[in-house]
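Asker: Here it is, the structure in full.
There are 4 protein chains.
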Amino acid sequence: MSTVAFIGLGNMGGPMAANLLKAGMTVRVFDLVPEAMKSLADQGAFVSSTACGAAAGASVVITMLPAGKHVKNLYLGNGSDKGLLDVVAGDTLLIDCSTIDAQSAQLVAAEAAKSGIEFMDAPVSGGTAGAAAGSLTFICGGSEAAFERAQPVLKAMGMNIFHAGGAGAGQVAKICNNMLLSVLMVGTSEALQMGVDHGLDPKVLSDIMKVSSGGNWTLEKYNPCPGVMETVPSSKGYEGGFMVDLMVKDLGLSQEAALLSNSSTPMGALARSLYVNHARQGNGRRDFSSIFEQFAPLKK
Amino acid sequence: MSTVAFIGLGNMGGPMAANLLKAGMTVRVFDLVPEAMKSLADQGAFVSSTACGAAAGASVVITMLPAGKHVKNLYLGNGSDKGLLDVVAGDTLLIDCSTIDAQSAQLVAAEAAKSGIEFMDAPVSGGTAGAAAGSLTFICGGSEAAFERAQPVLKAMGMNIFHAGGAGAGQVAKICNNMLLSVLMVGTSEALQMGVDHGLDPKVLSDIMKVSSGGNWTLEKYNPCPGVMETVPSSKGYEGGFMVDLMVKDLGLSQEAALLSNSSTPMGALARSLYVNHARQGNGRRDFSSIFEQFAPLKK
Amino acid sequence: MSTVAFIGLGNMGGPMAANLLKAGMTVRVFDLVPEAMKSLADQGAFVSSTACGAAAGASVVITMLPAGKHVKNLYLGNGSDKGLLDVVAGDTLLIDCSTIDAQSAQLVAAEAAKSGIEFMDAPVSGGTAGAAAGSLTFICGGSEAAFERAQPVLKAMGMNIFHAGGAGAGQVAKICNNMLLSVLMVGTSEALQMGVDHGLDPKVLSDIMKVSSGGNWTLEKYNPCPGVMETVPSSKGYEGGFMVDLMVKDLGLSQEAALLSNSSTPMGALARSLYVNHARQGNGRRDFSSIFEQFAPLKK
Amino acid sequence: MSTVAFIGLGNMGGPMAANLLKAGMTVRVFDLVPEAMKSLADQGAFVSSTACGAAAGASVVITMLPAGKHVKNLYLGNGSDKGLLDVVAGDTLLIDCSTIDAQSAQLVAAEAAKSGIEFMDAPVSGGTAGAAAGSLTFICGGSEAAFERAQPVLKAMGMNIFHAGGAGAGQVAKICNNMLLSVLMVGTSEALQMGVDHGLDPKVLSDIMKVSSGGNWTLEKYNPCPGVMETVPSSKGYEGGFMVDLMVKDLGLSQEAALLSNSSTPMGALARSLYVNHARQGNGRRDFSSIFEQFAPLKK
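Residue numbers (this note's numbering), protein chains in the order written: chain U, 505 to 804; chain D, 505 to 804; chain G, 505 to 804; chain S, 505 to 804.
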């Protein structure tokens, strides 16, 4: 069986690589943090001392990094440091699962194409819980062939695997989705609080809107009003879940995208402003559904 | 079998009354427009020459009117004109299906209660198609007893029947839902157009977001981008459906409600501004999903 | 010399009435709070035991009350309680200086006109400092004749006296102005903070924008960034000045007005949402320039 | 007398260079469009066949270009093409008057500093009229020494010359100002139209707000409501002035800046969305005060 290289073993990457091992694949890993590699080694992964070392000779390379500049540096090299493109074979499939700007993804894809190498952007949603459970959603940008070749590894880590279009399309679709998610979250929060302000029970109102034309993912899976759903962050002091700081990052990417295409996104732009204010007030590490507290009167 | 009085036989009220007749009920109707009554008479309704005449002696009275002032005038009377409360028996059940401000509904309910009469606000969603098909959603505000008594008549006209709370709660829940709907529609429109601006296929992007965390009613049932769904208004030149002018009316009610409770609704307020501008540009009688055109570049 | 009745001796009304006394006018006062009257009596005012008692026989009646309902009750009476319109002579000039909705002002004006009495709405700006200094701005709605007759009394209390139009126009102009003021304050705050975030000195940036196309009243007189201007609330912990709760009230009136005329005010609506959130977080009694803190990072 | 090189002779640069000639300076010019150079030659300028040729040996170099990429390419070179930094002497003063992102300005300044050359960003405001009249405003970023050295040439082209701070500060201040300007324009438009919707005369309302707390540059100099001021674009079919497309460009720069510093600018972001929609509806080449039409009912 062929070898998969996995670079970037953080909160998401670690459990994703572990799922490849569980599926019986041979996995070579690299991370700047030795402890992160140690944990994977204990589960059967081969540890490499450099990213290029992990990637050289692998048939599939998967990367999971914080931002576009890291992805560009890793694949393209930086000054005298070699990049992955300098060391992988021509028939290697490169899959970047980071959430980054589409431009960076397109740049790396174009550079890879010059050497005849397939590069696919495949950002994920589903959070750390989905990474651990192997139930992530992958939104892919790249050729049809690359998308087909990626199926076995992606299926070992996720459930829904979408093909959004050519290079960068995975990033664009992810960022459109997350921008819309922020709008759903803010819009649902203000509607629920207005109902509460008029004496309605937020659970009753949620049940009604959920099956009416106000129905949306946040009412279904992630109600922001404390006490309505038992197991979501809003009922646990807004701990865990998807951090405000990460939503601010994604909304930043969405507004970068809007600037590039000269698009108008009044709702997404407003959501970004509200989330930035929320983060600046000290809520950056709480769950993003805590935006609900911007609308509720201060607890005495 | 007992008699139902139905007052207000417009685009919604007409087919609703017809469904009561189909269910075998005895129905007395009144409308200011004789032709509207004629059509119901042909289907078996008894025609009254006044609203009070229709209501006197009925066990259930249903009203479907344009705005709060009409509801108040009809039930409470106006100067020397008697109101329905002056003529109905103490055990009559009054059901107002109009979409109006909660204050007016609460006022009429309080006046009815002085005479020991049950009044329930029960605004509907589902549009003229739902009215014809008998598949409306009713969102009710009133006592538990009134809600129970209303079941047979409401079930003859609708499918989902919710009890939102006490007097006025039906109106509040309806307006919270429709405010949220407008946010979903605008947010989905801008996200789809941004994807299109970056070269994505709106159908592919819709399919991805529909089952992801951006999922919402508009992606499921009412996609605003032309060509994505075959049978919705966006694919028919934004004709039919739910008019922009009606969304502007409902968003006005939502902002009245927000002022009363001193609530903050930044998304709903922004949606209202965008819809008012859209209406002022001549789109008032088109479907509300035509807000998509505010984001798309002008067709040459 | 003729007699002026002054009803409503709060933070604004008290010093306004005192300025009439200083101008040598004969003043009869009434307030629900005896202490408020005591202070004016010490300055030479005649105290009345009822509002109607103060108004009867006066040639000019001035009122300064919290909201539209108080104004309507006072002028029109309430149930068995007589209103001012029942007791004043036909040639009395009625001037209401309260900031209320234009509809209420127009209603009272219309009722007064039935008895041939002139009523003028004349809301003020300038705050308690302006009231004490006699430097208020009056924005008047009413006939040209009423506007002329009002000059002597208004000049005793203020400096700029505008005639905005017919009945209610004073209220509309005041509320348009204050809505715009809130937009200037929020827009200036976010621009200044963005400059600071990029390392600019807020004083230097303020000086530049003040004389450029970003110039506006807040940069000129009321800079929201602490330390830029010495004597304004932002440099005194946002104490004093014009309270957030009062701006929320005025923005509520502006949105009521926008609903009535079906106007679109995206900036004003957004400002209201931001101010309501700010108030709900416990800032209601601080100066309205404290909205600046919504944009600044939390002080550690 | 020393020589000034002027590169970029468009609608702004052309008249600016002409003012240097009028002040008696020796000017060498370059532009990609030969006709643009011809006009300056007729006024006494020396024409160069390349930008580097114009700059070499000049004591001051002034550039006026469309965007950051042009500025970077011109100063830093591009591939085998030499940049200005490669040809100018160490004591040359470089002044870029383009409106670009602060990052690009800082990058060029840093590269220039490596060779001990002073570079200053000095974006202008005042439009083509100000350029012709020599009454531009310059907002400068750079060292104190550079700012002093630049005085003679800047005074030949403008009236107000500000020092905003170090490298890039001129661009930041300019973009903060223009973001605020867009907010003033939209906020003033909606306030005026709401007044008109309530029957007020826009001229009267403008006069009142101008000297009240709603006072701002647009009411003073650039009223957006047709017919209020005689000589501004709103009274000439919104022709001339500052194009919507240019405001969209500046608002794009402001949002890029907000993303970089993680700032929240809800008003500026909303203004950008409204201006982008306005441009997409075909108004890109009209004056930016035409945003007023978004609020006014469609003329029949």
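Glycine residues also receive a C-beta, built at the ideal position from the N, C-alpha and C atoms.
#1: Could you pull the start and end residues of the beta strand (DSSP E) that Gly718(U) belongs to?
#2: Looking at C-beta atoms only, is the number of pairs between the stretch 660–674 of chain G and the stretch 752–763 of chain G that lie closer than 8 angstroms three or more?
#3: Along the stretch 694–705 of chain U, where does the CB come closer than 8 angstroms to a CB of chain D? Name the residues.
#4: If we call anything under 9 angstroms between Cβ atoms a contact, is Val575(G) one with Ser608(G)?
#5: Which partner residues of Glu694(D) appear in the DSSP bridge assignment?
#6: If you measure from the beta carbon of Ala522(S) to each beta carbon in chain G, is any gap under 9 angstroms?
#7: Using Cβ-Cβ distances below 7 angstroms, what residues of the stretch 665–697 of chain U are close to chain D?
#8: Give a yes or no on whether the minimum CB-CB distance between Ser717(S) and chain G is below 9 angstroms.
#9: On the DSSP bridge list, what partners appear for Asn566(D)?
#10: Classify Leu536(U) as helix, strand or coil using the three-state DSSP reduction.
#11: Quick one: what does DSSP say Cys729(D) is sitting in, helix, strand or coil?
#12: Within 8 angstroms, do at least three Cβ pairs link the stretch 791–803 of chain U to the stretch 726–737 of chain U?
#13: Do Ala560(D) and Val531(D) have their CB atoms nearer than 9 angstroms?
#14: Does the beta carbon of Thr835(U) come closer than 9 angstroms to any beta carbon on chain S?
#15: Considering Met771(U), what are the terminal residues of the alpha helix (DSSP H) in which it resides?
#16: So, Ser767(S) versus Asn682(G), is the Cβ gap smaller than 9 angstroms?
#17: Using the beta-carbon count (16 or more within 10 Å), is Thr735(G) buried or exposed?
#18: From which residue to which residue does the alpha helix (DSSP H) around Glu448(U) run?
#19: Which residues of chain S have a Cβ atom closer than 8 angstroms to the Cβ of Ser629(G), listed in chain order?
#20: Are there three or more Cβ pairs, one per stretch, closer than 8 angstroms when the stretch 591–608 of chain U is compared with the stretch 689–704 of chain U?
#21: So Gln785(U) contacts chain G; which residues on that side make the cut at Cβ distance below 7 angstroms?
#22: In the DSSP assignment, the beta strand (DSSP E) including Glu622(S) goes from what residue to what residue?
#23: Give me the chain D residues within the contact set of Gly741(G), using Cβ-Cβ distance strictly less than 7 angstroms, ordered along the chain.
#24: From Trp721(S), Gly528(S), Ile643(S), Gln798(S), pick the residue whose C-alpha is nearest to that of Ala775(S); which is it?
#25: Taking C-beta to C-beta, are Ser777(S) and Pro770(U) nearer than 9 angstroms?
#26: Can you grab the Cα-Cα spacing for the pair Ala545(U) / Met568(S), in whole Å?
#27: Contact between the stretch 741–753 of chain D and the stretch 708–723 of chain D: three or more CB pairs below 8 angstroms?
#28: Based on DSSP bridge pairs, tell me the residues matched to Cys644(G).
#29: How would you write the range of the alpha helix (DSSP H) that Tyr579(U) sits in, first residue to last?
#30: At the level of alpha carbons, what is the spacing between Gly788(U) and Asp595(S)?
#31: For Ser553(U), tell me which candidate among Leu536(U), Ser563(U), Pro737(U) has the shortest Cα-Cα distance.
#32: Between Ala626(G) and chain S, is the shortest Cβ-Cβ distance under 9 angstroms, so that the two count as touching?
#33: State the start and end residues of the unbroken alpha helix (DSSP H) segment that holds Gln610(U).
#34: Verify whether the separation of the beta carbon atoms of Leu723(U) and Ala677(D) is less than 9 angstroms.
#35: Exposed or buried, which one is Ser629(U) when buried takes at least 16 other CB atoms within 10 Å?
Answerer: According to the data block:
#1: It is not in any beta strand (DSSP E) - Gly718(U) carries neither H nor E in the DSSP assignment.
#2: When C-beta atoms of the stretch 660–674 of chain G are compared with those of the stretch 752–763 of chain G, fewer than three pairs fall below 8 angstroms, so the two segments do not count as touching.
#3: The residues in question are Glu694, Ala695, Leu696, Gln697, Met698, Gly699, Asp701, His702, Gly703, Leu704, Asp705.
#4: Yes. Within cutoff.
#5: Glu694(D) is not bridged by DSSP to any residue.
#6: No Cβ of chain G is located within less than 9 angstroms of the beta carbon of Ala522(S).
#7: Residues Phe666, Ala668, Gly669, Ala673, Val676, Ala677, Cys680, Asn681, Met683, Leu684, Leu685, Val687, Leu688, Val690, Gly691, Thr692, Glu694, Ala695, Gln697.
#8: The beta carbon of Ser717(S) sits closer than 9 angstroms to some beta carbon of chain G.
#9: It should be noted that the sequence gives Ile, not Asn, for residue 566(D). Looking at the DSSP output, Ile566(D) shares a beta bridge with Phe510(D), Ile599(D).
#10: In this structure, Leu536(U) counts as coil in the three-state DSSP scheme.
#11: In the structure shown, Cys729(D) sits in coil (DSSP, three-state: anything other than H, G, I, E or B).
#12: Touching, yes, given that three or more Cβ pairs across the two stretches are closer than 8 angstroms.
#13: Taking 9 angstroms as the cut-off, the beta carbon of Ala560(D) is found no closer than this to the beta carbon of Val531(D).
#14: Since the displayed chain U opens at 505 and closes at 804, residue 835(U) lies outside it and no answer follows.
#15: Counting along the chain, the alpha helix (DSSP H) containing Met771(U) begins and ends at 770–782.
#16: In this structure, Asn682(G) does not lie closer than 9 angstroms to Ser767(S) by Cβ.
#17: By the neighbour-count rule (16 or more Cβ atoms within 10 Å), Thr735(G) is not buried but exposed.
#18: Past the boundaries of the shown model lies residue 448(U); chain U is included only from 505 to 804, so the question cannot be answered.
#19: Ordered by position in chain S, the residues that pass the 8 angstroms Cβ test against Ser629(G) are Ser716, Ser717.
#20: Taking 8 angstroms as the limit for Cβ pairs, the verdict is that the stretch 689–704 of chain U does not touch the stretch 591–608 of chain U.
#21: For Gln785(U), the chain G residues whose Cβ falls inside 7 angstroms of its Cβ are Leu802, in order along the chain.
#22: Unbroken beta strand (DSSP E) run through Glu622(S): 622–625.
#23: By Cβ distance, chain D contributes nothing, its closest Cβ being about 24 angstroms from Gly741(G), past 7 angstroms.
#24: Closest by C-alpha distance to Ala775(S), out of Trp721(S), Gly528(S), Ile643(S), Gln798(S), is Gln798(S).
#25: In this structure, Pro770(U) lies closer than 9 angstroms to Ser777(S) by Cβ.
#26: Taking the Cα positions, Ala545(U) is about 58 angstroms away from Met568(S).
#27: Because the criterion of three Cβ pairs below 8 angstroms is not met, the stretch 741–753 of chain D and the stretch 708–723 of chain D do not touch.
#28: BP columns for Cys644(G) point to His667(G).
#29: Here the alpha helix (DSSP H) through Tyr579(U) covers 572–580.
#30: For Gly788(U) and Asp595(S), the distance between alpha carbons rounds to 48 angstroms.
#31: For Ser553(U), the closest alpha carbon among the candidates Leu536(U), Ser563(U), Pro737(U) is that of Leu536(U).
#32: Not one chain S Cβ lies under 9 angstroms of Ala626(G).
#33: That run of the alpha helix (DSSP H) goes 606–618.
#34: Contact: no.
#35: Buried, since its Cβ has 16 or more Cβ neighbours within 10 Å.
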